[in-house]
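Trainee: Residue numbers (our numbering): 44 to 266. The beta-carbon is built from N, C-alpha and C at its ideal position, and this holds for glycine as well. Shown below is the structure under consideration.
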């Protein structure tokens, strides 16, 4: 179990990050977890006990790899932690998401974060190295649910320069189509060469976003 600070604009949350596996069915070139800490076969009971022991840490985010490859463990962790934590978050690439998953997560989860890096499937396929069916994601989310959905996206080299000024509005449109509640846009981190693309390239020069302070809009790898 690794714990770290998550800095938001309105508060400072202590957050536990639980990495349930190091396996993924996609191959994003800029993945921050590629070649990182390998938890091996995790002990759910031990992880849950340690997370409960860290009682000041009210937010827990479950990551991978791809957590849906070990979905039974994810559900067990969420169910065990639910009485003790105020915010439970699950991060996924969405390629394995089904209505059945959504039904099982209802009542256990506060936020589902889905990584989508372009509004067009053919570009996403280049990023992920695997087809991501946006219609299937929409259908899976289109049932009664009580958790929120965030789309996690990146400013990346697969977005050609001619599309960059419309990228944010197109991604907002996609969020509305999918039924997502929030869009999180992030610059890439731990990348070299042409992998890094500045957020500045995606906004007009007079955009209020670009006039914000560095504390509000952190560059070089942060949201």
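If you run the structure through DSSP and keep just helix, strand and coil, what is residue 111?
Mentor: As a working mapping, residue 111 is identified with position 68 in the chain shown. Correct three-state label for residue 111: helix.
Trainee: Tell me the DSSP secondary structure of residue 247 in three-state form.
Mentor: The count along the chain shown starts at 1 and reaches residue 247 at position 204. Reduced to three states, the DSSP call for residue 247 is coil.
Trainee: Give the straight-line distance between the Cα atoms of residue 187 and residue 235, rounded to the nearest whole angstrom.
Mentor: Taking the chain shown and counting its residues from 1, one reaches residue 187 at position 144. Taking the chain shown and counting its residues from 1, one reaches residue 235 at position 192. One C-alpha to the other measures close to 42 Å.
Trainee: So, are the CB atoms of residue 154 and residue 131 less than 9 Å apart?
Mentor: Translated into positions along the chain shown, residue 154 becomes position 111. Translated into positions along the chain shown, residue 131 becomes position 88. Cβ distance < 9 Å, so residue 154 and residue 131 count as in contact.
Trainee: In whole angstroms, what is the alpha-carbon distance linking residue 121 and residue 252?
Mentor: For the purposes of this step, residue 121 is taken as residue 78 along the chain shown, with counting starting at 1. For the purposes of this step, residue 252 is taken as residue 209 along the chain shown, with counting starting at 1. So the two alpha carbons sit approximately 36 Å from each other.
Trainee: Given residue 200, which residues of its chain have a CB within under 7 Å of its CB, disregarding the five upstream and five downstream residues?
Mentor: Counting from one through the chain shown, the residue named residue 200 turns up at place 157. Once the five neighbours on either side are set aside, the close Cβ partners of residue 200 are 237, 238, 240.
Trainee: From residue 215 to residue 71, what distance separates their C-alpha atoms?
Mentor: Residue numbering aside, residue 215 sits at position 172 when the chain shown is read from its first letter. Residue numbering aside, residue 71 sits at position 28 when the chain shown is read from its first letter. If you take the alpha carbons of residue 215 and residue 71, they lie about 22 Å apart.
Trainee: Taking the beta strand (DSSP E) that residue 238 belongs to, which residues open and close that run?
Mentor: For the purposes of this step, residue 238 is taken as the residue at position 195 of the chain shown. Note, residue 238: premise wrong, no beta strand (DSSP E); not H, not E.
Trainee: Here's the rule I'm using: 16 or more other beta-carbon atoms within 10 Å means buried, otherwise exposed. How should residue 209 be labelled?
Mentor: Residue 209 sits at position 166 when you count from the first residue of the chain shown. By the 10 Å Cβ count, residue 209 comes out exposed.
Trainee: I need the DSSP call for residue 130, collapsed to helix, strand or coil.
Mentor: As a first step, residue 130 is located in the chain shown; it is residue number 87 there, counting from the start. Strand, per DSSP.
Trainee: Note down, in chain order, each residue of its chain lying with its Cβ closer than 8 Å to the Cβ of residue 152, except the 5 sequence neighbours on either side.
Mentor: As a position in the chain shown, residue 152 is number 109, starting the count at 1. Closer than 8 Å at the Cβ level, and outside the excluded window around residue 152, lie 121, 131, 132, 133, 190.
Trainee: Sorted by chain position, which residues of the same chain lie with C-beta nearer than 8 Å to residue 68's C-beta, five sequence neighbours on each side aside?
Mentor: Indexing the chain shown from 1 puts residue 68 at position 25. Hits under 8 Å: 109, 112, 136, 138, 139, 173.
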